[in-house]
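A.B. asks: The structure follows.
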Amino acid sequence: MKLKEKITIKDFSGQPFKIRVVEPENQNEAAFTHYLHNHKNGVSQFYKNDAVKYVKDVLTYKYPEETITNKAAEEALQYLLFDFNNAVPFPSPKKQKFKFIDLFAGIGGFRLAFQNLGGKCVFTSEWDKYSKKTYEANFGEVPFGDITKSETKNYIPNSFDVLCAGFPCQAFSIAGKRGGFEDTRGTLFFDVAEIIKNKQPKAFFLENVKGLRNHDRGKTLATILNTLREDLNYYVPEPQIINAKKFGVPQNRERIFIVGFRKDLDISEFEYPEPTNENAVLEDILEQEEVSVKYYLSTTYLETLRKHKARHASKGNGFGYEIIPYDSTANAVVCGGMGRERNLVFDDNLTNFKPVTKISGEVNREGIRKMTPREWARLQGFPDSFKIVVSDVQAYKQFGNSVAVPAIQATAEKILEKLNC
Numbered sequence: 025m026k027l028k029e030k031i032t033i034k035d036f037s038g039q040p041f042k043i044r045v046v047e048p049e050n051q052n053e054a055a056f057t058h059y060l061h062n063h064k065n066g067v068s069q070f071y072k073n074d075a076v077k078y079v080k081d082v083l084t085y086k087y088p089e090e091t092i093t094n095k096a097a098e099e100a101l102q103y104l105l106f107d108f109n110n111a112v113p114f115p116s117p118k119k120q121k122f123k124f125i126d127l128f129a130g131i132g133g134f135r136l137a138f139q140n141l142g143g144k145c146v147f148t149s150e151w152d153k154y155s156k157k158t159y160e161a162n163f164g165e166v167p168f169g170d171i172t173k174s175e176t177k178n179y180i181p182n183s184f185d186v187l188c189a190g191f192p193c194q195a196f197s198i199a200g201k202r203g204g205f206e207d208t209r210g211t212l213f214f215d216v217a218e219i220i221k222n223k224q225p226k227a228f229f230l231e232n233v234k235g236l237r238n239h240d241r242g243k244t245l246a247t248i249l250n251t252l253r254e255d256l257n258y259y260v261p262e263p264q265i266i267n268a269k270k271f272g273v274p275q276n277r278e279r280i281f282i283v284g285f286r287k288d289l290d291i292s293e294f295e296y297p298e299p300t301n302e303n304a305v306l307e308d309i310l311e312q313e314e315v316s317v318k319y320y321l322s323t324t325y326l327e328t329l330r331k332h333k334a335r336h337a338s339k340g341n342g343f344g345y346e347i348i349p350y351d352s353t354a355n356a357v358v359c360g361g362m363g364r365e366r367n368l369v370f371d372d373n374l375t376n377f378k379p380v381t382k383i384s385g386e387v388n389r390e391g392i393r394k395m396t397p398r399e400w401a402r403l404q405g406f407p408d409s410f411k412i413v414v415s416d417v418q419a420y421k422q423f424g425n426s427v428a429v430p431a432i433q434a435t436a437e438k439i440l441e442k443l444n445c
C-alpha cells in the first residue's frame, strides 16, 4: 500500500512534524479537519471520535516510546482548536447565518460562493486526490472521499439547510415505467437523491452541464425532476440554463441549475437571478506581467493547429484553435481536448524565448500562448488569493471542472432569500 508524507499538525512546542498517511483515503484525517471546523456549531459530535483516533495515531507515530491514551489525544485535540482558522486562506464566516454541505466539491467553487453569503460548510466530499489537495490548501479541510460509499454518507450530519452538488452526468437507465427514484440507481444522482431523502435539507442546489436538458431526448432530466418532485416531495421550479458571462466573468459558459425547496416550507415560486450586466472582457483577466515561456506555443505545434483547422474548414466545420480578442469573451474552459487551444491569446510581453520544457521546433515569435492556470481561475471567478498547489495539468483540469463562482453566488442569494437566511 502506498504511503505519502504530509505536514499535518503541530506538536505542543508549536513545531510542525511529518507523519505518514496511508493512501488512497484516510477518513479519520477528514474527520479531524471537519471537527476543527465545526467544534462551535454542534456538528462536531459527528466527527469527534474519529478525530480523536486520528490525533492518537499521529502522536503514537511521533512519540513511539510513549503510551498515548484516548484522554491525552482528546486533550491534544482541544489544544489544536486554538487559532485554527488563522492560517486558512478562506475561513468560515465569523457570523454564520446557515449551514450547507458540499458534495462532489471539486476545488470548492460552491463553498466560496456560499461562504461569501455567510454560510457554514459542515460536510464536504470529493474523491479526486489532487482536488482534495487544492481544497485543503484553501479551506483547511480535507474532504471525505467517495460519496457512493455508505461509510462516507454516515459522516453527513443532520440539520443543515442547503445541499450543494455539482454532480457528474452519467448515463441514466430509464427502463422502468415510473421514471423516478428507483430508476436512478447506478448513477451518482441517486446518491444525491438518497442523501436528500435521508437528511431532508430545506433546499438543494444542483449544477450540471447544459446538455443534461436534452440528454436521451429529455428523458434523463425528466427522471431527475420526477425523483425530486414526486419521490422526494420538493418544490422544484423549472431548471434554468445560466451563462457565466452574464455574471461578471468573460467566459461563455452555460450550465443547467436545478434548485428545490422542501414542501413544508410553503415556497411555491422562485425566480433565478437576473444578469448583472457586468460586461467583463478577456483583457480584464489576463496577466499584466510577462508569463513563463512554457505557455507559448512552439512553431511546430502552431503549424499543426493551423493545418487541423484548415482541414475542418475545407469540410465546412468550425473546429480548431481560436485566438480570443482582448475585447471579447473566452470560450468555456473544459477539462481536456481542445480546451486550452480554444482559448489562445496574443501576448507580446515575452523577452526570453529559450524553452524551459521539451518542445518540437522553436517558441513562436507571434506572441501566441495558452492562458495560464491563474487566468483560468479568474475566468471562473476565483480570487487571486486562491492557492494553486498542483501541477499545471491538474490545475487546468480542476478549473475546467469547476463551477463559475459568481453565477453560483447570484443564484444562492435567491435561494437564501426564500429561506430568510
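Residue numbers (the working numbering): 25 to 445.
For glycine and all other residues, C-beta sits at the position ideal for the given N, C-alpha and C.
Would you identify the three-state DSSP class for V233, choosing helix, strand or coil?
C.D. replies: V233: strand per DSSP, three-state reduction.
A.B. asks: Please report the straight-line C-alpha distance between D152 and N301, rounded to a whole angstrom.
C.D. replies: Those two C-alpha atoms are separated by around 35 Å.
A.B. asks: What's the gap between the Cα of P117 and the Cα of R364?
C.D. replies: Roughly 35 Å between the two C-alpha positions.
A.B. asks: Smallest Cα separation from D126: which of A111, E90 and G169?
C.D. replies: Among A111, E90 and G169, the Cα nearest to that of D126 belongs to G169.
A.B. asks: Can you tell me which of I309, K442, L141 and I180 puts its alpha carbon nearest to the alpha carbon of Q433?
C.D. replies: It is L141 whose Cα lies nearest to the Cα of Q433.
A.B. asks: Assuming V283 and P261 make a contact with CB atoms under 8 Å, what is their CB distance in whole Å?
C.D. replies: Between P261 and V283 the Cβ distance is about 7 Å, and since that is below 8 Å, they are a contact.
A.B. asks: Cβ atoms of A227 and V186: under 8 Å apart, would you say?
C.D. replies: Result yes, Cβ atoms of V186 and A227 sit closer than 8 Å.
A.B. asks: For C188, count neighbouring C-beta atoms within 10 Å of its own C-beta (all shown protein chains included) and say buried if the count is 16 or more, exposed if not.
C.D. replies: Answer is buried; the Cβ neighbour count reaches 16.
A.B. asks: On the CB-based measure, 16 or more other CB atoms within 10 Å of its CB, does H61 come out buried or exposed?
C.D. replies: Flag for H61 reads buried.
A.B. asks: Quick check: what's the CA-CA separation for V357 versus Y154?
C.D. replies: Computed Cα separation, rounded: 18 Å.
A.B. asks: Along the chain, where does the alpha helix (DSSP H) containing V82 start, and where does it finish?
C.D. replies: Residues K72 to K86.
A.B. asks: Take L256 and list the residues in its own chain whose beta-carbon comes closer than 7 Å to its own, dropping the five residues that flank it on each side.
C.D. replies: So the qualifying residues of the chain are A217, I220 and K221.
A.B. asks: By how many angstroms is the C-alpha of G66 removed from the C-alpha of V387?
C.D. replies: About 57 Å.
A.B. asks: Quick check on the DSSP output: the beta strand (DSSP E) that includes K123 runs from which residue to which?
C.D. replies: Run containing K123: F122 to L127, per the beta strand (DSSP E) assignment.
A.B. asks: Taking Cβ to Cβ, would you say F171 is nearer than 8 Å to D215?
C.D. replies: The amino acid at residue 171 is misidentified as Phe; the sequence shows Ile. Yes, the Cβ-Cβ distance between I171 and D215 is below 8 Å.
A.B. asks: Which partner residues of N276 appear in the DSSP bridge assignment?
C.D. replies: Note: N276 sits in a beta bridge opposite N355.
A.B. asks: According to DSSP, simplified to helix, strand and coil, what is I266?
C.D. replies: The answer is strand: DSSP assigns I266 an E or B state.
A.B. asks: Could you pull the DSSP bridge partners for G143 from this structure?
C.D. replies: Answer is F122, bridged to G143.
A.B. asks: For Y87, count neighbouring Cβ atoms within 10 angstroms of its own Cβ and tell me buried if that reaches 16, exposed if not.
C.D. replies: Exposed.
A.B. asks: Among residues of its own chain, excluding the 5 on either side of S384, which ones have a beta-carbon nearer than 8 Å to its beta-carbon?
C.D. replies: The residues are S322, T324 and Y325.
A.B. asks: Terminal residues of the continuous beta strand (DSSP E) containing L187?
C.D. replies: Segment V186 to A189, the beta strand (DSSP E) holding L187.
A.B. asks: Apart from the five residues on each side of it in sequence, which residues of its chain come closer than 6 Å, Cβ to Cβ, to V305?
C.D. replies: Excluding sequence neighbours, V305 sits near P274 and D351.
A.B. asks: Could you check the C-alpha separation between N303 and F343 for me, to the nearest Å?
C.D. replies: When rounded, the distance between both Cα atoms is 27 Å.
A.B. asks: Buried or exposed for P113, going by 16 or more other Cβ atoms inside 10 Å?
C.D. replies: Classification of P113: exposed, given that the 10 Å Cβ count is below 16.
A.B. asks: Tell me where the alpha helix (DSSP H) around A161 begins and ends.
C.D. replies: First-last of the alpha helix (DSSP H) with A161: K153 to F163.
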